[in-house]
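*Asks:* Residue numbering for the sequence shown follows our numbering, starting at 16 and increasing by one per position. From the three backbone atoms N, C-alpha and C, an ideal C-beta is built for every residue, glycine too.
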Amino acid sequence: MELTTFWFVVIAFLWTGYFVLEGFDFGVGLLAPALSRNEAERKQVLGTIGPVWDGNEVWLITAVGAMFAAFPAWYAGLLSGFYLPIALVLVGLIVRGIGLEWRGKVHRPSDLARCDLGILVGSALPAFLWGAIFAHLLRGSMTAALVGGVFSLSLCVLHGAVFVALKTSGPVRVRARRAAMAASAVALPAAVVALPAIPAAGTAVAGWAADPWLWAAALASVAALSAGAALTWRGRDGWAFTATASSIALGSAALFGALRPAPLPGLTIAEAASGPYTLGMLTWIGLVALPFVLGYQIWSYWVFRKRLVAEVA
């Protein structure tokens, strides 16, 4: 495998990890007010992501950093072409982070309400805008961006609800399952529209016969999402979370597969890449650094694997 292709695959993997992990973070932030009836339950819901949300953001930092080093033209074109929505994403991430950090340090109801609002808004902005950005990048229309944003937002809500059901017990778990079923009523129709549009856009660049796996990945993503809803209805929380995570991963694979020939309009992947020396140095750095990142993530999720219960006041 040539280094240009290798680093495109690495960047696609990093973005996929970010979408899967931050997807349920955003969903939990969006659902926290609906799933909790008191402060103890609110802490229970937010506690599901408390130990991991900041670590999940490392995937975004690593993905963007790798793009800057390996494909500077792609990095520059993406960030300059989508300056306003990406700026809003960063504002959302900052506001959400402040809300999550400050919530454990304030006690007045008004301050807690401000933190909760920051978490809600800071989760909604990236959840919608990432889908809109990549849909517009792929299809080049505002309609596609709107569909992509609705799909990614509803998918995050579903993914987050399944995660809360997996990580909690008691009334919160019951509400999370109901929320997942309600979210699936929006996410599944949106998926039927948005996911097949990915390989359809890819055919304009590479041709269906050249990349039939794009269709396979997109349709498998729809099937996995449907399975996630069915498994939630049956109370199989662990398998349901695996299914929704697989749906995101498969959809991301189709997305980056469609972008592979030309990550920006008029710019091929070879034209966007750095020189061989830079890519060679990055490869050695990546071989050393990436195992530590992955190892830390696996360890942190293993440590905080148990279900959470609401503290009795």
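Please classify T183: does DSSP put it in a helix, a strand, or coil?
*Replies:* strand
*Asks:* Can you check which of these residues, E17, F23, L18, is closest to R275 by C-alpha distance?
*Replies:* F23
*Asks:* For the alpha helix (DSSP H) holding P48, just list the boundary residues, first then last.
*Replies:* 18–50
*Asks:* Per DSSP, R265 is paired with what?
*Replies:* For the record, residue 265 in the displayed sequence is Leu; it is not Arg. L265 is not bridged by DSSP to any residue.
*Asks:* By the DSSP assignment, the alpha helix (DSSP H) with T283 in it spans what residues?
*Replies:* No alpha helix (DSSP H) contains T283, which DSSP labels as neither H nor E.
*Asks:* Report all residues from its chain with a CB closer than 8 Å to the CB of M82; omit the five preceding and five following residues, and keep chain order.
*Replies:* I26, W89, Y90, L93
*Asks:* What does the alpha-carbon distance come out to for the pair N71 and L36?
*Replies:* 6 Å
*Asks:* Identify whether V318 lies in helix, strand or coil by the three-state DSSP scheme.
*Replies:* helix
*Asks:* Determine the burial state of A224: buried for a count of at least 16 other Cβ atoms within 10 Å of its Cβ, exposed for fewer.
*Replies:* Residue placement at A224 cannot be trusted, given a pLDDT of 42 that sits under 50; what the coordinates show is reported in the next sentence. Classification for A224: exposed.
*Asks:* If A84 sits next to L279, beta carbons under 8 Å apart, how far is it from one beta carbon to the other, in whole angstroms?
*Replies:* That belief does not hold up - the Cβ atoms of A84 and L279 are roughly 17 Å apart, past 8 Å.
*Asks:* Skipping 5 residues on each side, what residues in its chain have a beta carbon closer than 7 Å to that of A264?
*Replies:* Its chain contains T31, V35 as the residues whose beta carbon lies nearer than 7 Å to that of A264, once the 5 sequence neighbours on both sides are disregarded; these appear in chain order.
*Asks:* Whose C-alpha, out of P141, G119, P204, R320, is nearest the C-alpha of V104?
*Replies:* Just measuring C-alpha positions, the residue of P141, G119, P204, R320 sitting nearest V104 is P141.
*Asks:* Whose CA, out of A150, G42, F86, V60, lies closest to the CA of P283?
*Replies:* According to the sequence provided, residue 283 is Thr. The question's Pro does not apply to it. Looking at the Cα atoms, F86 is the closest of the given residues.
*Asks:* When you compare each of W299, W317, Q312, G42 to A176 by their alpha carbons, which one comes out closest?
*Replies:* The candidate whose alpha carbon is nearest that of A176 is G42.
*Asks:* In the DSSP assignment, find the unbroken alpha helix (DSSP H) run with N53 in it and report its ends.
*Replies:* Here N53 belongs to no alpha helix (DSSP H), and DSSP marks it neither H nor E.
*Asks:* Take the Cβ of W185 as the centre, count every other Cβ of all protein chains shown within 10 Å, and call the residue buried at 16 or more, exposed below.
*Replies:* The residue you asked about is not Trp; residue 185 is Gly in the sequence shown. Answer is exposed; the Cβ neighbour count stays below 16.
*Asks:* Taking the CB atoms as reference points, tell me whether G137 and G65 lie closer together than 8 Å.
*Replies:* no
*Asks:* Taking its Cβ as the centre, do 16 or more other Cβ atoms sit within 10 Å of K181, making it buried, or is it exposed?
*Replies:* As written in the sequence, residue 181 is Leu, which differs from the Lys given in the question. Result: buried.
*Asks:* If you compare alpha carbons, which of A235, W314, T257 is closest to F39?
*Replies:* T257
*Asks:* Distance, Cα to Cα, L152 vs P211?
*Replies:* 16 Å
*Asks:* Roughly how many angstroms lie between the CA atoms of E286 and A198, to the nearest whole one?
*Replies:* 41 Å
*Asks:* Between the alpha carbons of Y61 and G290, how many angstroms are there, rounded?
*Replies:* The sequence given here has Leu at residue 61, not Tyr. L61 and G290: Cα-Cα distance of roughly 44 Å.
*Asks:* Alpha carbon to alpha carbon, how far is W145 from G164?
*Replies:* 7 Å
*Asks:* Return yes when the Cβ of P214 is within less than 8 Å of the Cβ of W230, no when it is not.
*Replies:* yes
*Asks:* Express the C-alpha separation of A233 and R322 in angstroms, rounding to a whole number.
*Replies:* Roughly 32 Å between the two C-alpha positions.
*Asks:* CB-CB under 8 Å to A159, same chain, minus the five flanking residues each way: which ones, in chain order?
*Replies:* Within the same chain, A159 has close Cβ partners A150, H151, L153, A212.
*Asks:* May I ask you to report which of helix, strand or coil DSSP gives V327?
*Replies:* Here V327 scores only 47 on pLDDT, less than 50, and its place in the model should not be relied on; the value that follows carries that caveat. Coil.
*Asks:* Taking only runs that begin and end inside the region 117–157, name each unbroken alpha helix (DSSP H) of 4 or more residues, in chain order.
*Replies:* 124–154
*Asks:* I'd like the span of the alpha helix (DSSP H) that includes D69, first residue to last.
*Replies:* 68–85
*Asks:* Contact defined as beta carbons within less than 8 Å: I believe L170 pairs with A202. What is the distance between those atoms, to the nearest angstrom?
*Replies:* Indeed they touch by this definition, with Cβ atoms about 5 Å apart.
*Asks:* Please classify A288 as buried or exposed, where buried requires at least 16 other C-beta atoms within 10 Å of its C-beta.
*Replies:* buried
*Asks:* Between which two residues does the alpha helix (DSSP H) holding G65 run?
*Replies:* Where G65 is concerned, there is no enclosing alpha helix (DSSP H), given that its DSSP letter is neither H nor E.
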